[in-house]
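> Below is one structure. I have some questions about it.
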Amino acid sequence: MSVKIGRLAIQFFIKQIATHPFSPLSHTNDGFNLQIVEKDANYLRVTFHNLNCIPDHVITLPVLPHSKPNLREIFLKDFQFQSKETPVSIIVTSFTEFIQNLFPNQYIIATDGSKSHCYTSIAGLSKIQQYSYRIHSLNSVFTAEVLAICQALDELAVTENDILILSDSYSALTSLKNITFHSPKVIQRLASKIHVRKNMNQNISLLWVPGHSGIFWNEKADSLAKQVTDSTPFIDWIVSEDIISNLKKQSIQTTHDNYRKSKYQALIGNIPDILTISKWTGNRV
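Mapping to full-length UniProt numbering: the sequence shown position 157 is 157, numbers consecutive.
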């Protein structure tokens, strides 16, 4: 029980780091003042050391307020090439016609995120430049996809044209479209970046494109993200939600390992997993 309480305490403080400067634990204008006892402070330091990161790497809520993106500017299933029923042979032609007819003057940027047993990475490209970076391995594919768009707005965007961003992450664009205060910090970061561009009278449109369907922009971004190596530049971003998810998995694994080593394993057998017992617990209030 004490281990679980310690983990919950660490999760709480990690959330406060991510919500800085809006956290009630932030008492100064020039720094983050964690009011934490030494025992928990040491546990927090050990946790970040084991994760190979520091609190400064955690993505925080944006200081600038964001406005909810215009729903008309996020296209998820509005066009023929976005339909699952559309044959791959038609997708490329339909996409090309779509761009020529509806976005002939937009500056096109494509992004992608990738996660393998070796690397977690992001990539993006425009007609004149491209990038790829490794990011912390704890970041999820969802996080990578959103960070790829954030980085594209910082590194690839121009100021003289409206921008069309292509992404094959339906979940990332859906989350942005349905943003609330409780949305992941990385989504709120992206919304803030779009808000800044809008204040510069620049329109940002986001378009979902089906992955691995022959669309050049998406195929190139996918290739860039997957071709990272140890020499690829590293960006030390990490999101609190992925840290907490990892800590929960570690806690569950530790519990299972301790149980298997105990005398109760031989007496009782394996602990049923959630799927096994769900049919009996599904109607519980």
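Don't be surprised by glycine CBs; every beta carbon is placed ideally from N, CA and C.
The structure presented is a predicted model; accordingly, all values stated were derived computationally and were not measured.
Would the C-beta of Ala18 count as close to the ligand MN, meaning under 8 angstroms from any of its heavy atoms?
Because no ligand of any kind appears in the structure shown, any question about the ligand MN cannot be addressed here.
> What ranges does the alpha helix (DSSP H) occupy inside the region 187-249, keeping only unbroken runs of at least 4 residues that lie completely in it?
Taking only runs of at least 4 residues, the alpha helix (DSSP H) segments lying wholly in the region 187-249 are 216-226.
> Run the CB neighbour count on Gln151, radius 10 Å, all protein chains shown included, and call it buried at 16 or more, exposed below.
Against the sequence shown, residue 151 aligns to sequence position 151. That one is buried.
> Where does the unbroken beta strand (DSSP E) through Leu156 begin, and where does it stop?
Position 156 of the sequence shown, counting from 1, holds the residue named residue 156. Careful: Leu156 lies outside any beta strand (DSSP E) and carries neither H nor E.
> Starting from Tyr119, trace the alpha helix (DSSP H) both ways and give me its first and last residue.
For the purposes of this step, residue 119 is identified with residue 119 of the sequence shown, where counting begins at 1. No alpha helix (DSSP H) contains Tyr119, which DSSP labels as neither H nor E.
> Given a cut-off of 9 angstroms, decide if Pro62 and Arg189 are closer than it, judged by their beta-carbon atoms.
Locating residue 189 in the sequence shown gives position 189, where the first residue counts as 1. Locating residue 62 in the sequence shown gives position 62, where the first residue counts as 1. Their beta carbons are under 9 angstroms apart, which means Arg189 touches Pro62 by this criterion.
> Out of His212, Asp257, Pro55, Thr159, point me to the one whose CA is closest to Pro87's CA.
Translated into the one-based positions of the sequence shown, residue 87 becomes position 87. Considering only alpha carbons, the answer is His212.
> What residues in its chain sit with their C-beta under 6 angstroms from that of Pro184, if we drop five residues either side in the sequence?
Counting from one through the sequence shown, the residue named residue 184 turns up at place 184. Around Pro184: Glu241.
> State the DSSP-derived secondary structure class of Ile10, mapped to helix, strand or coil.
Here residue 10 corresponds to residue number 10 of the sequence shown, with the count starting at 1. Three-state DSSP puts Ile10 in a helix.
> Going along the chain, which residues of its own chain have a beta-carbon closer than 7 angstroms to the beta-carbon of Ser137, five neighbours each way excluded?
Taking the sequence shown and counting its residues from 1, the one referred to as residue 137 is at position 137. Within the same chain, Ser137 has close Cβ partners Thr120.
> Across which residues does DSSP place Ser132 in a beta bridge pair?
What you label residue 132 is simply residue 132 of the sequence shown in a count that begins at 1. Paired residues: Ala123.
> Over what stretch of residues does the beta strand (DSSP E) that includes Leu164 continue unbroken?
Position 164 of the sequence shown, counting from 1, holds the residue named residue 164. Its beta strand (DSSP E) spans residues 163-167.
> Give the range of the alpha helix (DSSP H) segment to which Val88 is assigned.
As a first step, residue 88 is located in the sequence shown; it is residue number 88 there, counting from the start. Val88 -> alpha helix (DSSP H) spans 88-102.
> Taking Leu61 as part of the alpha helix (DSSP H), name the residues at either end of that continuous run.
Within the sequence shown, the letter at position 61 stands for residue 61. Where Leu61 is concerned, there is no enclosing alpha helix (DSSP H), given that its DSSP letter is neither H nor E.
> Give a yes or no on contact between the region 201-217 and the region 151-170, applying the rule of three or more CB pairs nearer than 8 angstroms.
Because the criterion of three Cβ pairs below 8 angstroms is met, the region 201-217 and the region 151-170 touch.
> According to DSSP, is Asp257 part of a helix, a strand, or is it coil?
Mapped onto the sequence shown, residue 257 falls at position 257. Correct three-state label for Asp257: helix.
> Compare the Cα-Cα distances from Ile122 to each of Val141, Ile17, Ala172 and report the closest residue.
Along the sequence shown, one-based indexing puts residue 122 at 122. The shortest Cα separation from Ile122 among Val141, Ile17, Ala172 belongs to Val141.
> Roughly how far, in whole angstroms, is the beta-carbon of Arg7 from the beta-carbon of Ser251, given that I think they are within contact range, below 8 angstroms?
Working through the sequence shown from its first residue, we reach residue 7 at position 7. Working through the sequence shown from its first residue, we reach residue 251 at position 251. At roughly 5 angstroms, the Cβ-Cβ gap stays under 8 angstroms, so Arg7 and Ser251 are in contact.
> Going by DSSP, what residues sit across from Ile108 in a beta bridge?
The sequence position of residue 108 within the sequence shown is 108, counting from 1. BP columns for Ile108 point to Leu164.
> Mapping DSSP to helix, strand and coil, what is Phe79?
Mapped onto the sequence shown, residue 79 falls at position 79. Coil, per DSSP.
> Between the C-alpha atoms of Ile187 and Leu176, what's the straight-line distance to the nearest angstrom?
As a working mapping, residue 187 is identified with position 187 in the sequence shown. As a working mapping, residue 176 is identified with position 176 in the sequence shown. Going by the C-alpha atoms only, they are around 6 angstroms apart.
> Quick check: what's the CA-CA separation for Gly214 versus Ile194?
Reading the sequence shown from its first residue, position 214 is the one you call residue 214. Reading the sequence shown from its first residue, position 194 is the one you call residue 194. C-alpha separation (whole angstroms): 28 angstroms.
> Could you tell me which of Phe13, Val92, Leu156 sits nearest to Thr47, measuring between CA atoms?
On the sequence shown, residue 47 is found 47 positions in, with the first residue counted as 1. Closest by alpha carbon: Phe13.
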